[in-house]
Every structure is written in C-alpha cells, then in structure tokens.
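So the sequence lines, in the order shown, correspond to chains A and B. All residue numbers for the first sequence refer to this note's numbering, where the first residue is 136 and numbers rise by one. All residue numbers for the second sequence refer to this note's numbering, where the first residue is 136 and numbers rise by one. C-beta atoms are modelled at their ideal positions from N, C-alpha and C, and glycine is treated no differently.
Number of protein chains: 2
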Amino acid sequence: MRQEIRICGFGGQGVITGAVILGKAAAVYDGLIACQVQSYGPEARGGAARAEVIIADGQIGYPGIHTADILVAMSQEAFSKYGREVKPDSIIIVDPDTVFSWEVSQTVHLVRSTKIAEGLGNVVVANIVMLGALTALSGVVSHEAILAATLASVPARFKELNRAALEAGIAAGMGQGDAVTHGRRATAGR
Amino acid sequence: MRQEIRICGFGGQGVITGAVILGKAAAVYDGLIACQVQSYGPEARGGAARAEVIIADGQIGYPGIHTADILVAMSQEAFSKYGREVKPDSIIIVDPDTVFSWEVSQTVHLVRSTKIAEGLGNVVVANIVMLGALTALSGVVSHEAILAATLASVPARFKELNRAALEAGIAAGMGQGDAVTHGRRATAGR
C-alpha cells in the first residue's frame, strides 16, 4: 500500500499544517510509515502553497509525488496547477467557494470547507475540515488517528474548535448527497 | 548551491515547525528553492522526531537527504541516530542540556536552546532559538528572512516571544566563546 496525497491552496490556508497532521495520524497513531514533503519554488512567493504526504505500510523509497491518489484543492490556482496530476481513480476534493472551475473525468467531491469553518467561528480551521472529509472519503487513516493527531497538534484552547471542524469535515465527506459531484463538470457558477 | 539541513529531537520540541519556518525563509523571503521533508517511521511512535530542509538556488531533483550539511540535534537519542550522517565539514549544533555525549571530528556548536527558551518564559521556543543559531552559524538564509518567516508563522500574541528567541539564538550562534566546542569530545558531564 502506498497512497500519495497532495493538499494545495494559497498561503495561510494551513495546507502544510494539514499535511503534517495527516502524516502524524498515519505514523504515530495508525502504525503506518509516512513521509511529508513541501516543495517551495517561485510559486511560494505568489502565495501558492502545496504539501504532500506519502503513506505506506512499508518502507518509502522515493519521497516525492508524481500523480496524487488523493488531491485536496483549496484555491483555483492550485486546482488549475495540480488538477491534472492525478490518476484515473484518484479522489479529488475541492472547496467550491474557492475553486470555481474544474473539468476532469474523475468524481469531484465538493466540500465547503471555508463556509463550514466560518460557521464554526474561525476560517482558519478550513484545513481541518478538509482533513475530516479526506479521511471519510479515502479511509487512508482511521478517524481515531486523525482526531488524536489533530488534538495533539493544536494549542489547548483551540482543541474544541478543531475537533468540531474535523467532525464537520467527516460528516461532509460521508454525506454523499449534494456535496458530491459526479462526472465531468466545469464552472460552478460564481 | 545545495544545502541539506536536518533538525532532530524528540516529539513536542517543534523540530517540524522549525524546519517549515526555515524552508519558508529560504523560498518566500530569500528567493531560493526549498523542499522540506519529514519522514515518520516506527521511531515516531517512540517520541523521536526529525525534519529536513533542502535549500538550493536551482531545481531540487531528489527531495531526500543522505548526509546533512547542517545538523541540529535536540535530544541524545536523535544525536546518537543522526550524528554520524554528516559530512567532514558539516555544521553540527547540539543543546548540551539534552545531548550529553558526542564524539565526532567536526566542530560541535553548543547552544543551550532549552535553557535560553526557559529564560524567555517558554520552553516551546527552544526550536526558534536553534533556528537563530543555525542562521548565524551557517548563513544558509538571511537574518531578515528567518525573522520574517518566523513572525509569519506564529500567532500574533507569540510574535514578541519568538522574535526574542530568534535573536537570542542568533546571538548564541555568533558568540564563538564558550558556546562552541572544537574537536573530539565525549560526555558533557551531567
């Protein structure tokens, strides 16, 4: 088993923190092997951010990612850049309030992470909402592991906010109703 | 130019955060290319932590590290594991309050990051003290860049604490007096 996960968006959305928590969930709490990478190039100075996690049940040779098995995109720029670096059966999750246009043959899962986080009182936990959705949709780590890793990674006074964000994300990922778009699609209407 | 930096210690010392800030300093503020990796294996469950940063002025092919050009060790276990994975001219920085024994032919720079952070009121900024020392000793990023990246990465109410920690670390790194041990040495006496 080797799962390559890419989380991308713009700077300040916490994509690196999300990836660090996911790696910790896998390695520390689920007993897997994980490797977590961020590559910063000229795009980092334009506000784009991306982070990657490789989760495996054995040794990880090459620590880089080519095409993601799971892609979470939190900005249009990020989706435009990485939306095609996926596999035919990849799990793709986007926030339709920050990604406006997509056209891929895979199922695209829509999770309104920014809106959900705002509803919980703080937009900064949108990344944690996405972690919950990713966990529910992919099963790459257990719910217990992602919760434990999240709580271990945030200051005490933010634990309940982050727990709520994670649970809302899991619920959004599990709710296969209007949160999920199947098939080819472009322009979500803005 | 390609510099490979490894920061290691035990879980909770913020080695990953330190590495993320260093990568951001290089890429966002100094205009370099950076890649930042953490690999979690069975050792992560024992509390050991390590994170790596590769900084280059051109494309980074392989995102992994073999032998570090700069090693920061914040626990004995980490130093025992990674202290030999260095180059003949590597810069090695250890906290002599948490690393008790070393025997290498390189100069070992002693920075009392835990003690300095305690003196500033919060042991959690020991990692930032180490970042300051690393910057002063290696010049791998500019002082301006590491300060900007640090301040951009911490909550508003911790900015002054982190600024103080960084400056104390820079001072410790620049003070080439009793903070630096030259030559072979073992057992710091505890």
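Nearest to residue i (by Cα), restricted to the options the options
i	options	result
B/HIS201	B/GLY218, B/GLU238, B/ALA283	B/GLY218
A/ASP204	A/ALA161, A/GLU187, A/ARG292, A/SER236	A/GLU187
B/GLN305	B/PRO177, B/ASP165, B/LEU269	Before going on, a small fix: residue 305 of chain B reads as Ile here, not Gln. The shortest C-alpha separation from B/ILE305 is found at B/LEU269.
B/VAL264	B/LYS216, B/ALA299, B/GLY166	B/ALA299
B/GLY308	B/TYR164, B/ALA162, B/ASP192, B/ILE227	B/ILE227
B/LEU206	B/LEU282, B/ASP232, B/ARG185, B/HIS278	B/ARG185
A/PRO177	B/TYR164, B/GLU279, B/PRO177, B/LYS216	B/TYR164
B/ALA287	A/GLY146, A/GLY166, A/GLU139	A/GLY146
A/PHE293	A/SER225, A/GLU220, A/VAL259	A/VAL259
Nonlocal neighbours in the same chain, by C-beta distance under 8 Å from residue i, ignoring five residues either side
i	result
A/THR322	Its pLDDT being 48, under 50, A/THR322 is placed unreliably in this model, and the coordinates cannot settle the point.
A/GLY256	LEU296
A/ILE168	ALA161, ALA162, ILE190, ALA191, ASP192, GLY193, GLN194, ILE195
B/GLN171	ALA154, VAL155, LEU157, GLY158, ALA186, GLU187, VAL188, ILE189
B/GLN211	THR233, VAL234, PHE235, SER236
Contact set between residue i and chain B, taken where Cβ atoms lie within less than 7 Å
i	result
A/SER210	Under the 7 Å cutoff, chain B gives no residues; its nearest Cβ is about 17 Å from A/SER210.
Min CB distance residue i to chain A below 8 Å
i	result
B/CYS170	yes
B/PRO198	yes
Contacting residues, own chain, Cβ-Cβ under 6 Å from residue i (five flanking each side not counted)
i	result
A/VAL315	Residue placement at A/VAL315 is poorly supported in this model, since its pLDDT is 49, which falls under 50; the coordinates still yield a value, given next. Excluding sequence neighbours, A/VAL315 sits near HIS244.
A/HIS317	Reliability fails at A/HIS317, whose pLDDT of 48 lies under 50, so the model's placement of it is uncertain and no value is given.
A/ALA208	CYS143, PHE214, VAL229, VAL234
A/ILE251	VAL264, ALA303
Cutoff 8 Å: residue i Cβ touching any chain B Cβ
i	result
A/ALA314	Confidence at A/ALA314 is low in this model, with a pLDDT of 45, below 50, so its placement is unreliable and the value that follows should be read with caution. No, its Cβ sits nowhere closer than 8 Å to a Cβ of chain B.
A/ILE156	no
A/GLN173	yes
A/GLY218	no
Presumed contact (8 Å Cβ cut-off) between residue i and residue j, rounded CB distance
i	j	result
B/VAL246	B/LEU157	With 8 Å as the limit, B/VAL246 and B/LEU157 do not qualify as a contact, their Cβ atoms being about 15 Å apart.
A/LEU301	A/THR285	5 Å
A/GLN148	A/ASN262	6 Å
A/PRO327	B/GLY199	Chain A is shown only over 136 to 325; residue 327 of chain A falls outside these bounds and no answer can be derived.
Chain A residues whose Cβ lies nearer than 8 Å to that of residue i
i	result
B/LYS159	TYR175, ALA179
Sequence-distant residues of its chain with Cβ nearer than 7 Å to residue i (five each side left out)
i	result
B/ILE151	GLN173, ALA184, ALA186
A/MET136	ALA191, ASP192
A/HIS278	THR270, ILE305
B/VAL355	With chain B covering only 136 through 325, there is no way to say anything about residue 355 of chain B.
Interface partners of residue i on chain A, CB under 9 Å
i	result
B/VAL163	GLY146, TYR175, ALA179, ARG180
Neighbouring residues, chain A, relative to residue i (Cβ below 7 Å)
i	result
B/ILE151	VAL155
8 Å Cβ cutoff, residue i in contact with chain D
i	result
A/GLN241	Chain labels in this structure do not include chain D; the protein chains are A and B.
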